[in-house]
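Okay, so here's the structure we're looking at.
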Amino acid sequence: MLKRSILLKLLSAAIVFGAWEIAGRIPVSYAFPTFLESMSALITLTLEGTIFTAYAETLKPLVVGVIISAVLGIGLGLWIGLSAKFDWLFSPIFIVMQSAPLAALIPLLVMAYGIGLTSKVFVVCIMAMPVIVLNTSGAVRNTPSVFKEMARSFLASERDIIFKVIIPAASPIIFSGLRLGISAGFIGAILSELKITPTGVGDIITYSRSIADYPSMYAAIFSIILLAVLFLNVLEKLENYLFEGNNRGYASD
Amino acid sequence: MPQIDDAPEAPAAAGVDNAVSVRGVSKTYGEVEALKDLSLDFPRGQLTSLLGPSGCGKTTLLKIIAGLLEPNSGEIEVNGQPVTGPGPDRAFVFQDFALLPWASVVRNVAFGLELRGVAKPEREEVAQKYISDVGLGGFENAYPHELSGGMRQRVGLARALSVDAQVLLMDEPFSAVDEQTRRKFQEDLLSLVQNENKTFIFVTHSIEEAVYVSDQIAILLPRPSRVLEIIKPSGFRHKGADTIRRDTEYLDIVDRIWASLRSYVE
């Protein structure tokens, strides 16, 4: 079974990269390099060490923003899910945040917080947090009431119910919110480097484009996608490790 | 000779020790009157069924006894102590099992003890004993989704037994399992009532099931909810599980209950 799923993943990758190679060879656009050109550019960037210095810069707002979004997002989500008052108070903020045209708001952020790390962290948080908060609060609110009732009948305190029933029951949806939020955070990190100040991976993209070195530009984009996919896989492993039985659905359906 | 008592709301006969007594309990959900001035006694060490058509408030009454719902008026006493909420003297078996899907069988069974702050090695030892008792030895580390419906309810039963409460509250515990498993459960329940010195309160909508397992059957009628009669089948209890279903008293009581309930079933 496991072998087969790896095989299918490889096949899916081969199809995507094959299509990319063909599209690059036609070429669909002068500015669209082939897969192989992009990969050789990626190897060059890696050997030169450029990609590592770039990530040292890009990961700062990304990691800080993702950690803030995850901790604050899950915390607020729990609070909103548990209390109707906080739902009324906070939910609208995150719904607005989620639908706001972020690129248009960036100049405001820059005016308020300058062009440094703070603004970039904000961009990552605005991208990542709403979906984490909204998923968490929705999942908490929809905890099957029979679990809470069961816990109460066996003398659970309010604290027990939150930590031993509500959070584990909500964890699949909290984790799917984390996955969506963190991938949005990656987008936010690159967006902030393109729109605020070109640093890190954003700098490679901007600079390569300006000198028409398209393979390097696509290599940088590819690397960030690769990093995001790897990170999401790690997150999935963590979820399976923490809540093994949740893996195959609820027993009471 | 069938021994049937027609005694709704009769005060407990002198000398009868009641584990649970319900006095004048009313409960409304908004406009709907679920229970109205209902009184009922549950003798210690016996199994009492709450039987009635759907909507008669039997599950509501059970949850009020459990302390999960608050009555609008009236009193519940368990061992002479008034009920204000869930307590260590009562354990609940749920209709849809209410097993935690992320927890293994042993953690589910030990969950009640975990909430009481019993240390892990100790509570798992107790859980282990009850897992074997209900016939699930070898499944300790399985997850609920890997078990059949009948096995899941055995886990629910083991969880309720492991906290060693004197009163077991069972809310249609066998309604979500298949017919053959249910018969096995009913037989097991008879020996459980005999061997454990516990009081059982058992909600069911099956007349046959109620007559088969009960020492006392309270027939509830809906809208407004009230106790129609209390039946105490006594003649066939000692005859052994295999012969009960052929006993004439058993068959008479089943017929009689159906005759009185027929007109209330939509």
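Listed in order, the protein sequences are those of chains A and B. Taking the working numbering, the leading residue of the first sequence gets -10, the next gets one more, and so forth. Taking the working numbering, the leading residue of the second sequence gets 1090, the next gets one more, and so forth. In this text, a Cβ means the ideal position worked out from N, Cα and C, and glycines have one as well. Note that the structure is predicted; figures quoted are calculated from it, not measured.
7 Å Cβ cut-off: residues of chain B touching residue i
i: residue 255(A); result: The structure shown does not extend to residue 255(A), since chain A spans only -10 to 242, so no value can be given for it.
i: residue 204(A); result: Within 7 Å Cβ-Cβ: nothing; residue 204(A) doesn't reach chain B, min ~47 Å.
i: residue 225(A); result: Those do not exist, as residue 225(A) stays about 16 Å from chain B at its closest Cβ, beyond 7 Å.
Through-space distance from residue j to residue i, alpha-carbon basis
i: residue 190(A); j: residue 99(A); result: 20 Å
i: residue 60(A); j: residue 164(A); result: 12 Å
i: residue 1148(B); j: residue 1294(B); result: 10 Å
i: residue 155(A); j: residue 1197(B); result: 15 Å
i: residue 1264(B); j: residue 1280(B); result: 20 Å
i: residue 82(A); j: residue 195(A); result: 33 Å
i: residue 112(A); j: residue 214(A); result: 18 Å
i: residue 20(A); j: residue 201(A); result: 8 Å
i: residue 1288(B); j: residue 1250(B); result: 12 Å
i: residue 1150(B); j: residue 55(A); result: 49 Å
i: residue 1266(B); j: residue 58(A); result: 45 Å
i: residue 1103(B); j: residue 74(A); result: Low confidence applies to residue 1103(B): its pLDDT is 47, below 50, so where it sits in the model is not reliable, and the reading given next is rough at best. Cα to Cα, residue 1103(B) sits roughly 53 Å from residue 74(A).
i: residue 1190(B); j: residue 1244(B); result: 12 Å
i: residue 1347(B); j: residue 1319(B); result: 14 Å
i: residue 1226(B); j: residue 87(A); result: 51 Å
i: residue 3(A); j: residue 124(A); result: 33 Å
i: residue -7(A); j: residue 116(A); result: 35 Å
i: residue 1142(B); j: residue 1311(B); result: 7 Å
i: residue 101(A); j: residue 148(A); result: 40 Å
i: residue 1138(B); j: residue 1240(B); result: 23 Å
i: residue 80(A); j: residue 12(A); result: 44 Å
i: residue 1090(B); j: residue 1209(B); result: Because residue 1090(B) carries a pLDDT of 45, less than 50, the predicted location of this residue cannot be relied on, and the following value inherits that uncertainty. Cα to Cα, residue 1090(B) sits roughly 53 Å from residue 1209(B).
i: residue 288(A); j: residue 9(A); result: No statement about residue 288(A) is possible, as the shown extent of chain A runs from -10 to 242 and does not include it.
i: residue 107(A); j: residue 223(A); result: 27 Å
i: residue 26(A); j: residue 204(A); result: 6 Å
i: residue 1062(B); j: residue 1228(B); result: No statement about residue 1062(B) is possible, as the shown extent of chain B runs from 1090 to 1355 and does not include it.
i: residue 118(A); j: residue 1153(B); result: 42 Å
Within 8 Å, strictly: CB atoms of residue i and residue j
i: residue 70(A); j: residue 130(A); result: yes
i: residue 1122(B); j: residue 1313(B); result: yes
i: residue 1112(B); j: residue 1163(B); result: yes
i: residue 1181(B); j: residue 1258(B); result: yes
i: residue 152(A); j: residue 1252(B); result: no
i: residue 212(A); j: residue 51(A); result: no
i: residue 1135(B); j: residue 1262(B); result: no
i: residue 162(A); j: residue 127(A); result: yes
i: residue 1127(B); j: residue 1315(B); result: yes
i: residue 171(A); j: residue 220(A); result: yes
i: residue 185(A); j: residue 109(A); result: yes
i: residue 1254(B); j: residue 1223(B); result: no
i: residue 1290(B); j: residue 1131(B); result: yes
i: residue 1115(B); j: residue 1160(B); result: yes
i: residue 1140(B); j: residue 1299(B); result: yes
Chain-ordered chain B contacts of residue i [CB-CB under 8 Å]
i: residue 145(A); result: 1204
i: residue 90(A); result: By Cβ distance, chain B contributes nothing, its closest Cβ being about 39 Å from residue 90(A), past 8 Å.
i: residue 149(A); result: 1204
Contacts that residue i makes with chain A (C-beta to C-beta distance below 8 Å)
i: residue 1201(B); result: 143 and 144
i: residue 1252(B); result: 143
i: residue 1257(B); result: Going along chain A, no residue has its Cβ under 8 Å from residue 1257(B), so there is no contact; the nearest lies around 11 Å.
Segment limits, beta strand (DSSP E) that includes residue i
i: residue 1131(B); result: 1121 to 1132
i: residue 1179(B); result: 1179 to 1182
i: residue 1116(B); result: 1107 to 1118
i: residue 1162(B); result: 1162 to 1167
i: residue 1137(B); result: 1136 to 1140
i: residue 1256(B); result: 1256 to 1260
Opening and closing residue of the alpha helix (DSSP H) in which residue i lies
i: residue 57(A); result: 39 to 71
i: residue 128(A); result: 106 to 130
i: residue 1061(B); result: Residue 1061(B) lies beyond the stretch modelled for chain B, which goes from 1090 to 1355, so this question has no answer here.
i: residue 193(A); result: 189 to 199
i: residue 1194(B); result: 1194 to 1198
i: residue 1222(B); result: 1209 to 1222
i: residue 1150(B); result: 1147 to 1155
i: residue 231(A); result: 203 to 231
i: residue 1251(B); result: 1238 to 1251
i: residue 99(A); result: 91 to 102
Residue i at chain E interface by Cβ criterion, 8 Å
i: residue 232(A); result: Included in the structure are the protein chains A and B, with no chain E among them.
Interface partners of residue i on chain B, CB under 9 Å
i: residue 192(A); result: Simply none; closest approach about 44 Å.
i: residue 50(A); result: Neighbours of residue 50(A) on chain B: none; closest Cβ ~34 Å, over 9 Å.
Chain A contact residues for residue i, given Cβ-Cβ distances below 9 Å
i: residue 1225(B); result: Under the 9 Å cutoff, chain A gives no residues; its nearest Cβ is about 14 Å from residue 1225(B).
i: residue 1181(B); result: 138, 139, 142 and 143
i: residue 1150(B); result: Under the 9 Å cutoff, chain A gives no residues; its nearest Cβ is about 15 Å from residue 1150(B).
i: residue 1246(B); result: Neighbours of residue 1246(B) on chain A: none; closest Cβ ~13 Å, over 9 Å.
* Asked: What are the complete alpha helix (DSSP H) segments, minimum 4 residues, inside the segment 1271 to 1329 of chain B?
  -> 1296 to 1302
* Please specify which runs of the alpha helix (DSSP H), each continuous and at least 4 residues long, are wholly inside the segment 128 to 174 of chain A, giving them in chain order. => Fully enclosed alpha helix (DSSP H) runs of 4 or longer: 134 to 142.
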